[in-house]
Amino acid sequence: MRVAIEENMNIKEIEREAENIVTDIINYIKGVNEYIGVGSITQKDVTTSTLYKDIVKILEGRSNLEIDEEILIRTERVKKVLSNTPYQQIWNSNLETFNKTKIGEAIVFLENTNFMESEYITQSEASNLLGKDIAHITNMIHRFEPRIINDRRMVRRSSVIAYKNEYEARNKFKTNEEYMSADEVANELNFSIHFIYKLLKEGELSKYAVSTAGVGLYIEKKYVEEYKKRRDEQRKKYNMFDFLGTQETALILFNKTPATISNWIKKGILKNSKKVGRNYEIPRSEVLRVMKEEGYENADTKVENRDRTLFQYIKIYTRALKDNDKQQQEGILDLAEKKGFKDYMKVTREAFNKGEEVYIPDWVLEEYENEN
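For any residue, its number in the numbering used here is found by taking its place in the sequence shown, counting from 1, and adding 7.
What follows is the structure in C-alpha cells.
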C-alpha cells in the first residue's frame, strides 16, 4: 500500500505513484476487470490504462489545488475500482489509515472542498441534464449520491454526468452493428459468460473493446466470426464420428458416469482427448483401444452401432428441420439427449440454419448411407 510522505508531489512522483497503485490493484484483482483490461498485463498496459490516467489527474489536481468537474468525474471512476481492492477495505475499517495513502488523501480532500456545495443540483436539474423524467431520477437516486441541503434532496452533478456518459457510451456500442456485448457473444456461441472471458484471456477472441466502468465489455463482431470459422474448421477436423463426446462415451460404451470419463482423460487413460467448450472430444480409436484393454466384449460392434445410430439421428433431425416438423424435432432431441447426442443435434441445427449440410466423413456415408 502506498503511503503519503510529502504533501506536494512533482509530475514524476505523481506518475510513479499512479503506476504503483494501478499495479497493486491489477495484482489483487484476478480474472477479468472491465475497467483495467483482460489477460496478462504489461507495464505499458498499466501506464496507458484509463485508471492510471485518472489517478494521475487526481493527484495532480490535489497537488496543484485545481478542482473542476472533470476531476470529480475521474474521482468517481477511481472509487468504483477501489471498492474491489484492499484500498476500500482499509477505507471501510480505518478511515484515518486510508487518508494517509496518497490516493486516499487526494480523494478525501476533493470530497471535502467548498466546491462540493456548488457541485449538488436539484432533481429537476438532473432530469434536464439527462433528458429523463423525474421518476427516472428518483429510481436511480442511489447512483447520484443524494444529500439533504437546505431541507432539499439534492444529487451530485458529477455523478449525474458520469451516469450520462456511461449511458451514452453503452448506447453507442449497443447501436453499433460492428460490436456485440459479452452476453450476446455468449448466446451466439452457446457458451457461459465465464467461458467468453476465458476465450478473451487465452486470445481466442483476440480483440475487444473495453469501455469505461459501468458500460460493460463489447467485442468486435468480426473477431467473433473469425472464432466461429476456426471452430467450424475444428469441427470438420475433429468430427463427430472420428471423435466421441464425454457423455456418450460414458453412457453408451462404458456404462460409467461422465465424471469418470473426465477423470480417465485427466489421468491419461484416454489419450489425445481435446477439450472443446465444456465437453471433451475423445478419439474413436482411443475409445476402442481402452474398451478392448478393459475386456469389453464386441467393442467394435458397439462403436459401429453408435456410429450407425448417430448417422440415422442426423438424417431424421435434418429431415424434420427441412419439413419444419416441430413435433418430430422435439422427439429426436429427447432421444438424442438420452444417447449423449445432444451437442451433435445442435451442430446439425447450426449447419441447417446456415444453409449447409452437417459435416459427415466419406467413410460414414459409404458405410451407412444406403441402410434403412
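Ideal Cβ placement from N, Cα and C applies to all residues, glycine included. Computed from a predicted structure; not experimentally measured.
- Under the three-state reduction of DSSP output, Ile276 falls in the coil class, being neither helix nor strand.
- Annotated as proximal: Ile21 and Glu67, with beta-carbon spacing under 7 angstroms.
- Note that the stretch 320 to 335 touches the stretch 357 to 373; at least 3 beta-carbon pairs, one per stretch, sit closer than 8 angstroms.
- Per DSSP, the unbroken beta strand (DSSP E) holding Tyr225 starts and ends at Leu224 to Glu227.
- Its Cα nearest to that of Glu195, the residue Lys353 stands out among Val167, Arg150 and Lys353.
- Glu152 and Val29 have their C-alpha atoms some 25 angstroms from each other.
- The alpha-carbon of Tyr204 is positioned some 25 angstroms away from that of Glu26.
- Going by DSSP, Gly68 is part of the alpha helix (DSSP H) stretching over Thr57 to Asn71.
- Of the other Cβ atoms in all chains shown, 16 or more fall within 10 Å of the Cβ of Asp61; this residue is therefore buried.
- Here Ile203 carries a helix assignment [DSSP, helix/strand/coil].
- Around the CB of Trp271, 16 or more other CB atoms lie within 10 Å, so the residue is classed as buried.
- Just measuring C-alpha positions, the residue of Ile144, Tyr59, Tyr320 and Lys179 sitting nearest Arg164 is Ile144.
- Between the stretch 340 to 349 and the stretch 275 to 283, the count of Cβ pairs shorter than 8 angstroms is below three; the stretches do not touch.
- Between Val294 and Val310 the beta-carbon gap is near 6 angstroms, inside 8 angstroms, which marks them as a contact.
- Residue pairing for Asn146: DSSP places it in no beta bridge.
- Each of Lys346, Tyr174, Tyr320 and Glu304 was checked against the Cα of Gln335, and the nearest Cα belongs to Tyr320.
- The continuous stretches of beta strand (DSSP E) do not include Leu258, and DSSP gives it neither H nor E.
- Rounded to the nearest angstrom, the Cβ distance from Ile78 to Leu117 is 6 angstroms, consistent with a contact under 8 angstroms.
- DSSP places Leu212 in the coil class of the three-state scheme, outside both helix and strand.
- Between the alpha carbons of Glu304 and Ser188 lies a distance of about 51 angstroms.
- For Met247, the CB contacts under 6 angstroms within the same chain, skipping 5 residues up- and downstream, are Tyr351 in chain order.
- Each of Phe261, Asn286, Ala266 and Glu301 was checked against the Cα of Arg313, and the nearest Cα belongs to Phe261.
- The three-state reading of DSSP puts Val297 in helix, counting H, G and I together.
- Between Tyr225 and Arg315, the gap from beta carbon to beta carbon reaches 7 angstroms or more.
- For a cut-off of 8 angstroms, the C-beta gap from Tyr287 to Thr264 is around 14 angstroms, too long to register as a contact.
- Between Val162 and Ala133 the beta-carbon gap is near 5 angstroms, inside 8 angstroms, which marks them as a contact.
- Glu20 sits in a helix when the DSSP states are folded into three classes.
- The three-state secondary structure of Pro265, taken from DSSP, is helix.
- Here DSSP, grouped into helix, strand and coil, assigns Phe348 to coil.
- The Cβ atoms of Arg150 and Tyr170 lie closer than 7 angstroms to each other.
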